[in-house]
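Peer 1:
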Amino acid sequence: MTRLVEMSNDAIAATRVKVAALFCLPDRTLLLGIILSASTLSAVIGLVLSQYYAVDVVSSLLFPAEDCWLDWGTQIGRHCFCDYGIVGGLGMRANPWEPYPMFLPWNDYKPAGSNYPAAGMLPQLLFGVLGAWLHMPRLGLVGFLLVSLSALLTPAFWAARGSRGLERVVVFIALGLAAIPVWAVFDRGNSVGLVAPIGLLFLVALRRRRWNSVAIAVVLAALVKPQFVILIVAIFAARQWRTGSLAVMGVAISNFVPYLLWPRDFPNTIVQSARSALHYSNTVATLNGPYNVSFAKGIFFFPDKLIDPQRGYVSNVFFDAVRPQIGYIAAFLIIGSVLFLGQRIPPVMVGITLLATASLFPGLVFHTYLVFALPIAALVVRDADRPPGSGLFDDLARVGGDRPVVGFCVTLATALSIAPIPLPGPPVAMPIAGQLGNVGIVGSTPIVSTTAELTPLLWLVACAAIIVSYARRPTSKGDSDTPKTSATTSSDTLIDSS
268 MTRLVEMSND
278 AIAATRVKVA
288 ALFCLPDRTL
298 LLGIILSAST
308 LSAVIGLVLS
318 QYYAVDVVSS
328 LLFPAEDCWL
338 DWGTQIGRHC
348 FCDYGIVGGL
358 GMRANPWEPY
368 PMFLPWNDYK
378 PAGSNYPAAG
388 MLPQLLFGVL
398 GAWLHMPRLG
408 LVGFLLVSLS
418 ALLTPAFWAA
428 RGSRGLERVV
438 VFIALGLAAI
448 PVWAVFDRGN
458 SVGLVAPIGL
468 LFLVALRRRR
478 WNSVAIAVVL
488 AALVKPQFVI
498 LIVAIFAARQ
508 WRTGSLAVMG
518 VAISNFVPYL
528 LWPRDFPNTI
538 VQSARSALHY
548 SNTVATLNGP
558 YNVSFAKGIF
568 FFPDKLIDPQ
578 RGYVSNVFFD
588 AVRPQIGYIA
598 AFLIIGSVLF
608 LGQRIPPVMV
618 GITLLATASL
628 FPGLVFHTYL
638 VFALPIAALV
648 VRDADRPPGS
658 GLFDDLARVG
668 GDRPVVGFCV
678 TLATALSIAP
688 IPLPGPPVAM
698 PIAGQLGNVG
708 IVGSTPIVST
718 TAELTPLLWL
728 VACAAIIVSY
738 ARRPTSKGDS
748 DTPKTSATTS
758 SDTLIDSS
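Residue numbers (my numbering): 268 to 765.
(1) Identify whether Arg360 lies in helix, strand or coil by the three-state DSSP scheme.
(2) According to DSSP, is Asp350 helix, strand or coil?
(3) Express the C-alpha separation of Val500 and Leu608 in angstroms, rounding to a whole number.
(4) Check Val632 in the structure and name its three-state DSSP category.
(5) State buried or exposed for Lys744, treating a residue as buried only when at least 16 other CB atoms are found within 10 Å of its CB.
(6) Measuring alpha carbon to alpha carbon, tell me which of Phe660, Phe639, Arg531 ends up nearest Gly443.
(7) For Gln507, which residues of its own chain have a beta-carbon under 7 Å away from its beta-carbon, when the five flanking residues on both sides are left out?
(8) Put Thr712 into one of helix, strand or coil per three-state DSSP.
(9) In whole angstroms, what is the alpha-carbon distance linking His402 and Phe394?
(10) Compare the C-alpha of Glu333 against each of Trp726, Gly707, Gly701 and name the closest.
(11) From the DSSP output, in three-state form, read off Val672 for me.
(12) Restricting to Cα atoms, I'd like to know which of Leu721, Val706, Glu720, Gly692 is closest to Ala321.
(13) Mark Pro767 as exposed unless 16 or more other C-beta atoms lie within 10 angstroms of its C-beta, in which case mark it buried.
(14) What does the alpha-carbon distance come out to for the pair His634 and Ala451?
(15) Leaving out five residues before and five after Tyr558 in sequence, what residues of the same chain have Cβ atoms less than 6 Å from its Cβ?
(16) Might you give, ordered along the chain, the residues of its own chain that have their beta carbon closer than 6 Å to the beta carbon of Val518, omitting 5 neighbours on each side?
(17) Does the region 644-652 touch the region 416-429, meaning 3 or more C-beta pairs lie closer than 8 Å?
(18) Return yes when the Cβ of Asn382 is within less than 8 Å of the Cβ of Ser766, no when it is not.
(19) Please report the straight-line C-alpha distance between Pro689 and Thr678, rounded to a whole angstrom.
(20) So is Leu298 buried or exposed if we call it buried at 16+ other beta carbons inside 10 Å?
(21) Please report the straight-line C-alpha distance between Ile734 and Val324, rounded to a whole angstrom.
(22) Kindly identify the DSSP beta-bridge partner or partners of Tyr367.
(23) In angstroms with no decimal places, state the Cα-to-Cα distance between Gly707 and Met369.
(24) Since Gly565 contacts Thr718 with CB under 8 Å, what's their CB separation in whole angstroms?
(25) Please state whether DSSP places Met388 in a helix, a strand or coil.
(26) Compare the Cα-Cα distances from Leu467 to each of Gly656, Gly618, Ile353, Val672 and report the closest residue.
(27) Report all residues from its chain with a CB closer than 6 Å to the CB of Arg611; omit the five preceding and five following residues, and keep chain order.
(28) Under 8 Å Cβ to Cβ from Asn522, same chain only, skipping five residues before and after it: list those, please.
(29) Using only the alpha-carbon positions, how far apart do Ser512 and Pro448 sit?
(30) Measuring alpha carbon to alpha carbon, tell me which of Ala446, Gly630, Pro655 ends up nearest Thr307.
(31) Could you tell me the distance, in whole angstroms, from the CA atom of Glu767 to the CA atom of Trp400?
(32) Would you mind stating whether Gly460 and Leu419 have Cβ atoms separated by less than 8 Å?
(33) Around the C-beta of Ile714, are 16 or more other C-beta atoms found within 10 angstroms, so that it is buried, or is it exposed?
(34) What do you get for Thr296, buried or exposed, if any count of 16 or more other CB atoms within 10 angstroms of its CB means buried?
(35) Whose C-beta lies closer than 6 Å to the C-beta of Cys349 among residues of the same chain, with five residues either side of it excluded?
Structure representation (structure tokens):
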């Protein structure tokens, strides 16, 4: 009996040593290790599910390929990059916010106007107009996809430039070529991919305390997707009132002026746009769909799976009313905490918190929005203006004290956002809507859940860890998270080729 007790104690002690060693790993090493391990595990599980159980693993991770719901002239095989086609089709109408003749089963076969503000349609519309003018719509699509892919790979390229030798290839593959959010955005033709380089500019500027550049990044991000206006809180949290006020004006003007491109019903189009955005896909089935990665989906992930594993969600009067709103409550609490703590949190950590919050707080957030994790991963791997091989948390630990829980939570959430894993379980039939204007359901494809549905919960934990850690032990006024190197003082560029 004594021998069994001793063996048990030895096993517990060994486990503690292994866990402690895990927390002692550099966060950049841990991030790359988790991404590569998760990608390998995803490939193995995907092979088993597709080969032996006929599960459509690619559609589980991305989206079903059959998305040519209307004839936009962009069809390549069975795929049409529907977000590009829809936005381009809407933008070329006199009023994009009037009902659009596209009848889909997940919208109860009801036509709806654009859920984009005017500025948000400009990236796809620019290439769509070019393709229409040349009578070559596929050329416009290819141009947009090339720009989008370049933007998506920017964080990986920047992070790889701060690595040594063969590690550069590993970093570029882990944060770029093997990153599922990159290909999810590319597959949809969505403009959210432009957030990747803008988010990198935002975080690097916060790291270097270049407040004018932070304001520019906020204005650009709000142009692409309006919810990223939340990033402006980072400027006010640093008590940069003048710069913050200018950023507010910049966001307001840059989002107002594009409405003038559709003058027929102006200014009523502003009200129509706001109404359409607020009522966008608020049905219970859509909010609980397999591709939703909102805070609400993460909060209800375990109750939904435990109570009803087959459908994956619980529907009753209380839950149906709470789901669309709980993300806004979480965002309010996070923003309030960040503003209250102010300069006690390093600006770059405020930026990480707000970037995650802005991406995930709406009731419906498609998995394409997980691209926000790419610039965060880039900074975890490469700290701006530090020597090659140094990550963000290495220097933060040096000047502000070691915070292993914060580093681990942010690293884990970032890694699993980049490398989701398909979960073995009973497949769900994902309906395929009619193609090229045909109304109805013409088939289905079997898909499974992925760990992407769990990532919003991990980001909530990471945001809470950041806030609680710096509330308990704030950075001292004498400390600065700005690297004290010659590159910081001599370089006028934010993203250099060091």
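The beta carbon of each residue, even a glycine, is placed where N, CA and C say it ideally should be.
Peer 2: In this structure, then:
(1) Reading the sequence shown from its first residue, position 93 is the one you call residue 360. Here Arg360 sits in coil by DSSP.
(2) For the purposes of this step, residue 350 is taken as the residue at position 83 of the sequence shown. Here Asp350 sits in helix by DSSP.
(3) Walking along the sequence shown from the start, residue 608 turns up at place 341. Walking along the sequence shown from the start, residue 500 turns up at place 233. So the alpha carbons of these two residues sit roughly 12 Å apart.
(4) By one-based count along the sequence shown, residue 632 stands at place 365. Coil, per DSSP.
(5) As a position in the sequence shown, residue 744 is number 477, starting the count at 1. Any reading at Lys744 must be qualified, since the residue scores a pLDDT of 49, below 50, and its modelled position is unreliable; no value is offered.
(6) Locating residue 443 in the sequence shown gives position 176, counting from the first residue. When each option's Cα is compared against that of Gly443, the closest is Phe639.
(7) As a first step, residue 507 is located in the sequence shown; it is residue number 240 there, counting from the start. Beyond the five residues adjoining it in sequence on each side, Gln507 comes within less than 7 Å, by CB distance, of Trp478 in the same chain, given in chain order.
(8) Start at 1 with the first residue of the sequence shown, and residue 712 comes out as number 445. Looking at Thr712 - three-state DSSP - the assignment turns out to be strand.
(9) On the sequence shown, position 135 is the one that residue 402 refers to. On the sequence shown, position 127 is the one that residue 394 refers to. Going by the C-alpha atoms only, they are around 12 Å apart.
(10) Your numbering for residue 333 matches position 66 in the sequence shown. For the options Trp726, Gly707, Gly701, the alpha carbon positioned closest to that of Glu333 is the one of Gly701.
(11) Here residue 672 corresponds to residue number 405 of the sequence shown, with the count starting at 1. Correct three-state label for Val672: helix.
(12) If you number the sequence shown from 1, residue 321 lands on position 54. Of Leu721, Val706, Glu720, Gly692, the residue nearest in Cα terms is Gly692.
(13) Coverage of the chain is limited to positions 268 through 765, which leaves residue 767 absent and any answer about it impossible.
(14) What you label residue 634 is simply residue 367 of the sequence shown in a count that begins at 1. What you label residue 451 is simply residue 184 of the sequence shown in a count that begins at 1. Looking at the two C-alpha atoms, the distance is approximately 8 Å.
(15) The residue labelled residue 558 in the question sits at position 291 within the sequence shown. Contacts found: Phe633, His634.
(16) To locate residue 518, count along the sequence shown from 1; it is residue 251. The answer, listed in chain order, is Val486, Ala489, Val496.
(17) yes
(18) Limits of the chain in this structure are 268 at one end and 765 at the other, which puts residue 766 out of reach.
(19) Working through the sequence shown from its first residue, we reach residue 689 at position 422. Working through the sequence shown from its first residue, we reach residue 678 at position 411. Pro689 and Thr678: Cα-Cα distance of roughly 20 Å.
(20) Here residue 298 corresponds to residue number 31 of the sequence shown, with the count starting at 1. By the 10 Å Cβ count, Leu298 comes out buried.
(21) Working through the sequence shown from its first residue, we reach residue 734 at position 467. Working through the sequence shown from its first residue, we reach residue 324 at position 57. Answer to the nearest angstrom: the Cα atoms are 37 Å apart.
(22) Counting from one through the sequence shown, the residue named residue 367 turns up at place 100. Tyr367 is bridged to Ala379.
(23) Taking the sequence shown and counting its residues from 1, the one referred to as residue 707 is at position 440. Taking the sequence shown and counting its residues from 1, the one referred to as residue 369 is at position 102. Going by the C-alpha atoms only, they are around 11 Å apart.
(24) The residue you call residue 565 lines up with position 298 of the sequence shown. The residue you call residue 718 lines up with position 451 of the sequence shown. With 8 Å as the limit, Gly565 and Thr718 do not qualify as a contact, their Cβ atoms being about 11 Å apart.
(25) In the sequence shown, the residue the question calls residue 388 occupies position 121. In the structure shown, Met388 sits in a helix (DSSP, three-state: H, G or I).
(26) Position 200 of the sequence shown, counted from the start, is the residue given in the question as residue 467. Minimum Cα distance to Leu467 is reached at Gly618.
(27) Counted from its first residue, the sequence shown places residue 611 at position 344. Cβ within range, chain order: Tyr737, Pro741.
(28) As a first step, residue 522 must be located in the sequence shown, where it is residue number 255. Closer than 8 Å at the Cβ level, and outside the excluded window around Asn522, lie Pro384, Ala385, Ala386, Ala489, Leu490, Pro493.
(29) Translated into the one-based positions of the sequence shown, residue 512 becomes position 245. Translated into the one-based positions of the sequence shown, residue 448 becomes position 181. Whole-angstrom Cα-Cα distance: 33 Å.
(30) Taking the first residue of the sequence shown as 1, we reach residue 307 at position 40. Here the closest residue by C-alpha is Ala446.
(31) As displayed, the chain neither begins before 268 nor continues past 765, which places residue 767 out of reach and without an answer.
(32) Counting from 1 along the sequence shown, the entry for residue 460 is found at position 193. Counting from 1 along the sequence shown, the entry for residue 419 is found at position 152. Contact: yes.
(33) Looking up residue 714 in the sequence shown gives position 447. Classification of Ile714: buried, given that the 10 Å Cβ count is 16 or more.
(34) Within the sequence shown, the letter at position 29 stands for residue 296. The residue in question, Thr296, is exposed, as its Cβ has fewer than 16 Cβ neighbours within 10 Å.
(35) Translated into the one-based positions of the sequence shown, residue 349 becomes position 82. Correct list, in chain order: Asp334.
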